[in-house]
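Student: The structure's right below; bear with me while I get my questions together.
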Amino acid sequence: MIKNFFDKAKNSHTWKENLVNLTTQLLNYLIILIIALFIGAVVMFLSGKDPIAAYAALWQGAFGNGYRFADTLDRSVIMILAGIAGSIAFRTNITNLGLEGQLYIGAFAAAWAGFTFTNLPAIVHIPLCMIAGIIGGALWTLPVLYLKMRWKIPELVPTLMLNYIAIRLTDYLIAFPFRDPAAPMAGSPLIAASAKLPKLIKGSTINIGFIIAIVLIFVTYWFLFKTKIGYELRMVGLNQDFAAAAGLPVKRSIFLAMTLSGGVIGLGGALMIQGFFGRFLGGFSSGYGWDGFMIAIIAQNHPFAVFPTALFYGALANGALTMQSVTGVPQAVVAMVKGTLVLFVTVKVFVENIRKGLRKWAM
Amino acid sequence: MTEALSVKNITKAFPGVLANDNISLSVEKGTIRAIVGENGAGKTTLMNVIYGLYQPDSGQIFINGEEVTFSSPRDAIAQGIGMVHQHFKLVPSYTLAQNIALGVEPRKGIFIDEPALNKSVKAIADKYGFQINEREVTVDVSVGEQQRAEILKALYRGVEILVLDEPTAVLTDIETKELFVMLRNLVEQGITILFISHKLREVLEISDDISVMRAGKLVGTVKCEETDECQLAEMMVGRETIGGRMRETKQKGELIMEIEGLSVLDNRDLTAVKDASLNLYSGEIVGGAGVDGNGQEEFVEALLGLRPLTSGKIRIDGKEIQELSTREIREAGVAYIPSDRYRSGVAVEGTIWENMVPGEYYVKPYSNGLALAMPEIMMMSGTLIQKFNVATPGLDAKTGNLSGGNIQRVIAARELGLEKAKVVIASQPTRGIDIAGTEAIRQMLIDYANRGAAVFVISADLDEILSLSDRVVVFYEGNVLDAGYYDETIRQRISWLMTSGKDYCVD
Chain P
191 MIKNFFDKAK
201 NSHTWKENLV
211 NLTTQLLNYL
221 IILIIALFIG
231 AVVMFLSGKD
241 PIAAYAALWQ
251 GAFGNGYRFA
261 DTLDRSVIMI
271 LAGIAGSIAF
281 RTNITNLGLE
291 GQLYIGAFAA
301 AWAGFTFTNL
311 PAIVHIPLCM
321 IAGIIGGALW
331 TLPVLYLKMR
341 WKIPELVPTL
351 MLNYIAIRLT
361 DYLIAFPFRD
371 PAAPMAGSPL
381 IAASAKLPKL
391 IKGSTINIGF
401 IIAIVLIFVT
411 YWFLFKTKIG
421 YELRMVGLNQ
431 DFAAAAGLPV
441 KRSIFLAMTL
451 SGGVIGLGGA
461 LMIQGFFGRF
471 LGGFSSGYGW
481 DGFMIAIIAQ
491 NHPFAVFPTA
501 LFYGALANGA
511 LTMQSVTGVP
521 QAVVAMVKGT
531 LVLFVTVKVF
541 VENIRKGLRK
551 WAM
Chain H
40 MTEALSVKNI
50 TKAFPGVLAN
60 DNISLSVEKG
70 TIRAIVGENG
80 AGKTTLMNVI
90 YGLYQPDSGQ
100 IFINGEEVTF
110 SSPRDAIAQG
120 IGMVHQHFKL
130 VPSYTLAQNI
140 ALGVEPRKGI
150 FIDEPALNKS
160 VKAIADKYGF
170 QINEREVTVD
180 VSVGEQQRAE
190 ILKALYRGVE
200 ILVLDEPTAV
210 LTDIETKELF
220 VMLRNLVEQG
230 ITILFISHKL
240 REVLEISDDI
250 SVMRAGKLVG
260 TVKCEETDEC
270 QLAEMMVGRE
280 TIGGRMRETK
290 QKGELIMEIE
300 GLSVLDNRDL
310 TAVKDASLNL
320 YSGEIVGGAG
330 VDGNGQEEFV
340 EALLGLRPLT
350 SGKIRIDGKE
360 IQELSTREIR
370 EAGVAYIPSD
380 RYRSGVAVEG
390 TIWENMVPGE
400 YYVKPYSNGL
410 ALAMPEIMMM
420 SGTLIQKFNV
430 ATPGLDAKTG
440 NLSGGNIQRV
450 IAARELGLEK
460 AKVVIASQPT
470 RGIDIAGTEA
480 IRQMLIDYAN
490 RGAAVFVISA
500 DLDEILSLSD
510 RVVVFYEGNV
520 LDAGYYDETI
530 RQRISWLMTS
540 GKDYCVD
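Line by line, the protein sequences are chains P and H.
Counting in the working numbering, the first sequence runs from 191 upward without gaps.
Counting in the working numbering, the second sequence runs from 40 upward without gaps.
Next up, the structure:
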């Protein structure tokens, strides 16, 4: 009898059904993407631009040749890390609106480790800077955690406010104590060559940060869905009262999810400094923390879905520059497309719901 | 005296329950009528019919002698009937005045005329002698003041008949006294009040007439000065001995759980449990009877380590556990079936297996170090799901898609299936479950006690208590009162304790 049950249980989730589910999901996203691009096109058309030429330039800029494609992959690294950081927090039902600030602190910590130590071998220096980034990002969540645990203050506003403090604090640090007069803009000294990430392809900015990001996707999946701690995080996220009544370590899970989220985005900051900028620059992030927030929403907090979403965001970011310079269509159109995507995913404009809606409407 | 409200032959059925069975009653203008009865006697249904929330299957409603029909509360309000629910319906961020006038605000063009609004609310409050700071924001005021705002909300709309559903359940003693003074004031100004309550002492203090309901029927109406707690309690529960007893009373075994002098605060930091003591013995089922909100939830949460104690000791097998974490308490052998299965019984968005293993996932063989051992977890969950007859398409199915009864089976399978627990604490274990599911869950508890565990069943359903318990305690205003062992007169003792806190009646 038990065997029967297991056969039944197995049969209920055959590969066929899984495939159908996956296809429906992909179809969902495809439809939403088309709608978003269409809305962007309408706006361009109404303002007298040629949407087809604009999207062609966007595509060219993102994937036009091997190097551009590689640059797009490089740009998606920070998107992946930001998306994962957001996903870990959201899975635990923590609204970490402080990714941007944690990114700045992590990046600065990594840069500091990069320019302070000068005679370390690369094999030590590279991971040292990364660890500094992780710790920096994680530490920046501690004030929020203290307020949440001690006074039951929801994390929403404190995380948000700490963004501004982080940005201004790092501005101060590079303007006074760690100012490099030789830097073209306000920035820290250059990090040592031994802290820089090795490139993967000559002629592109892509570096081993990309490999780290890919590995991190799999590690996060394993961590969230296959480990004890991941189970705790997810159960606390799904229903905290249930988790508490069952004896799960609720406080520890919240603490862990928050610091991990900050640590991952801090690592993202380290990778940007070590792989791309080579020094901490004031205002270096063009809202990557916020992108991470959006990417996590679109990917519904699943690490495997974070990858294509982040890649798409990376492509938009790189392609938008080309689009603007070639066709004169402002980059803001891209922001609009991104916004529409998030909106449609949040209100679940999915095939199954559209079908339901049509049925109701028909009646 | 003129008649303000009357209902004739009201019948209202829900699937499986006849909530109101041919009810007729009439209320005189300017009086306070109390409606008393046990949980599920049909009081609230009757009030909802009168307020237009439900449409009766048959029967008529008359206001001031004229027949009316309501299709919604809006109609009822237009005819002068207002209701204050047990759970307030106020916008927390609005001022009291804004809440009171919500939807019928005085206007100036398209804008709300705030000064006129505050003035009109103040005028109504003064007219009926209500003390209220109408400009305070609702979240900042006491529960008593919020309730005054709720009552004023009805009066602002010009109602003359006011229905209050358990108005004292959320109030402190002082707030209750204040409420009663205000109600007397209202009645003197010609307002008619219907008042639902469980607490006979309060009912005798405030009302003019008392109608008693039992199992959907109106048992009778008595004048307040001509009755007493004994008569009312008897009318409420009846004299008949009950059928449906599922258990032979057993000899108790050795002492397993000892609760001594337990005191606990509620969410508002008021005393919810006062110096309560209880011993649970192996092989014995103890029933915890009582009207909801008399400290049951706080008592149970304290036992589970979910709520801090202000004083007291809890021992399992002689070892103190009151300082331990929930996990450690559960490891000491406590199984828990919470009263609200959707709130704390399961994660409805989680899969079946995820809801089966929160007590096991971290120990061998269900985990090897860091990772979950999925084959073992699936095997264990599958076996228990099978054994407890949970109807589900598979272990990966979303738990929220199951019926309430099946979700309760999932919880029972998780808590009882591995037979690790020495103590089972089951709070409202069959609330909202169909008859077959109810029988099954009760049988599981009985079987579990027969295997030597101490079982503590808390239920607001007296029939459930009587069908399962060897011994009964009653929660009354935070006290845990002993109603003794099961015998022919236990129903009477429980009902006295539930309504007055005394287990005897002096005629």
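Idealized CB from N, CA, C, for every residue including glycine.
What is the residue span of the beta strand (DSSP E) that H:I553 lies within?
Tutor: The requested residue 553 of chain H is not part of the displayed model; chain H covers only 40 to 546.
Student: List the endpoints of the continuous beta strand (DSSP E) containing H:R187.
Tutor: Premise fails: H:R187 lies in the alpha helix (DSSP H), V182 to Y195, not in any beta strand (DSSP E).
Student: Could one say the Cβ of P:Y421 lies closer than 8 angstroms to chain H's Cβ atoms, at least one of them?
Tutor: Yes, because at least one Cβ of chain H sits closer than 8 angstroms to the Cβ of P:Y421.
Student: So P:V426 and P:L438 are supposed to be a Cβ contact under 8 angstroms. How far apart are they, rounded?
Tutor: At roughly 6 angstroms, the Cβ-Cβ gap stays under 8 angstroms, so P:V426 and P:L438 are in contact.
Student: Please state whether the Cβ-Cβ distance between H:L257 and H:L44 is less than 8 angstroms.
Tutor: Result no, Cβ atoms of H:L257 and H:L44 do not sit closer than 8 angstroms.
Student: Against chain H, does P:T417 count as a neighbour if the rule is that its beta carbon must be under 8 angstroms from one of theirs?
Tutor: Cβ-Cβ to chain H under 8 angstroms: yes for P:T417.
Student: When the Cα atoms are used, what is the spatial distance from H:I139 to H:K158?
Tutor: Roughly 12 angstroms between the two C-alpha positions.
Student: In terms of residues, what are the limits of the alpha helix (DSSP H) holding H:F53?
Tutor: Segment E42 to F53 is the beta strand (DSSP E) holding H:F53; no alpha helix (DSSP H) there.
Student: Only counting the same chain, and skipping five residues up and downstream in sequence, which positions put a Cβ closer than 7 angstroms to that of H:L51?
Tutor: The sequence as given places Lys at residue 51 of chain H; Leu does not occur at that position. Once the five neighbours on either side are set aside, the close Cβ partners of H:K51 are A58, N59, T84, V88, Y93, P95 and D96.
Student: For P:P463 and P:R340, I'd like the C-alpha separation in whole angstroms.
Tutor: Before going further, note that residue 463 of chain P is Ile rather than Pro in the sequence given. Using only the alpha carbons, I get a separation of about 35 angstroms.
Student: Count the other C-beta atoms from every protein chain shown that fall within 10 angstroms of the C-beta of P:R545, then say buried if there are 16 or more, exposed otherwise.
Tutor: Exposed, since its Cβ has fewer than 16 Cβ neighbours within 10 Å.
Student: Do we get a CB-CB distance below 8 angstroms when we pair H:K47 with the residues of chain P?
Tutor: So no, H:K47 is outside the interface.
Student: Out of P:R258, P:A279 and P:K418, point me to the one whose CA is closest to P:P493's CA.
Tutor: Of the listed residues, the one whose Cα sits closest to P:P493 is P:A279.
Student: Run through chain H and tell me which residues come within less than 8 angstroms of P:F474, C-beta to C-beta.
Tutor: Going along chain H, no residue has its Cβ under 8 angstroms from P:F474, so there is no contact; the nearest lies around 35 angstroms.
Student: Any chance the stretch 169 to 183 of chain H sits against the stretch 196 to 205 of chain H, with 3 or more Cβ pairs inside 8 angstroms?
Tutor: No: fewer than three Cβ pairs fall under 8 angstroms.
Student: What does H:E388 touch in chain P if you count any residue whose Cβ is under 7 angstroms from its own?
Tutor: Here the neighbours are L428.
Student: In chain P, which residues lie less than 8 angstroms from H:L343 when you measure between Cβ atoms?
Tutor: Simply A435.
Student: Under 8 angstroms, with one C-beta from each stretch per pair, do the stretch 264 to 283 of chain P and the stretch 494 to 502 of chain P reach the 3-pair mark?
Tutor: With the cut-off at 8 angstroms, the stretch 264 to 283 of chain P and the stretch 494 to 502 of chain P touch.
Student: At the 8 angstroms Cβ level, is P:F432 part of the contact set with chain H, yes or no?
Tutor: Output row for P:F432: interface = yes.
Student: Whole-angstrom Cβ separation of P:F470 and P:G326, contact assumed at under 8 angstroms?
Tutor: About 11 angstroms separates the two Cβ atoms, so there is no contact after all.
Student: In chain order, what residues of the same chain lie with their CB nearer than 6 angstroms to the CB of P:G453, ignoring the 5 residues before and after it?
Tutor: Excluding residues within five positions, the ones whose Cβ falls inside 6 angstroms are I324, G327 and A328.
Student: Checking contacts by CB at 8 angstroms: is P:T536 closer than that to chain H?
Tutor: By this cut-off, P:T536 is not an interface position.
Student: To which residues of the same chain is H:G98 closer than 7 angstroms at the C-beta, ignoring the five residues directly before and after it?
Tutor: So the qualifying residues of the chain are V46, K47, N48, I49 and T50.
Student: Given a threshold of 16 other Cβ atoms within 10 Å of its Cβ, counted over all protein chains shown, does H:E293 qualify as buried or as exposed?
Tutor: H:E293 comes out exposed.
Student: For P:I398, tell me which candidate among P:D261, P:V334 and P:N508 has the shortest Cα-Cα distance.
Tutor: Checked all of P:D261, P:V334 and P:N508; the closest Cα to P:I398 is P:D261.
Student: If you follow the beta strand (DSSP E) that H:D308 is in, where does it begin and where does it stop?
Tutor: Taken as a continuous stretch (DSSP letters only), H:D308 belongs to no beta strand (DSSP E), as it is neither H nor E.
Student: On the CB-based measure, 16 or more other CB atoms within 10 Å of its CB, does H:A162 come out buried or exposed?
Tutor: It is exposed - the Cβ of H:A162 has fewer than 16 other Cβ atoms within 10 Å.
Student: Could you name the residues of chain H that P:M425 contacts, counting a contact when the two beta carbons are closer than 7 angstroms?
Tutor: Under the 7 angstroms cutoff, chain H gives A386, G389, E393 and P397.
Student: Since H:S406 meets chain P, which of its residues come closer than 8 angstroms, beta carbon to beta carbon?
Tutor: Neighbours of H:S406 on chain P, chain order: K418.
Student: Measuring only between beta-carbons, confirm whether H:A164 sits less than 8 angstroms from chain P.
Tutor: No, H:A164 does not count as interfacial toward chain P.
Student: Chain H beta carbons: is any one of them nearer than 8 angstroms to that of P:L329?
Tutor: False, the Cβ-Cβ gap to chain H never drops below 8 angstroms.
Student: Buried or exposed: P:T536, going by 16 or more other Cβ atoms within 10 Å of its Cβ?
Tutor: Classification of P:T536: exposed, given that the 10 Å Cβ count is below 16.
Student: Would DSSP call H:N78 helix, strand or coil?
Tutor: If DSSP states are grouped into helix, strand and coil, H:N78 belongs with coil.
Student: Does H:Y320 come within less than 8 angstroms of chain P when only Cβ atoms are used?
Tutor: Chain P, which has no Cβ nearer than 8 angstroms to the Cβ of H:Y320, makes this no.
Student: According to DSSP, is P:T536 part of a helix, a strand, or is it coil?
Tutor: If DSSP states are grouped into helix, strand and coil, P:T536 belongs with the helices.
Student: According to the neighbour-count rule (16 or more other Cβ atoms, all chains shown, within 10 Å of its Cβ), is H:Y524 buried or exposed?
Tutor: Classification of H:Y524: exposed, given that the 10 Å Cβ count is below 16.
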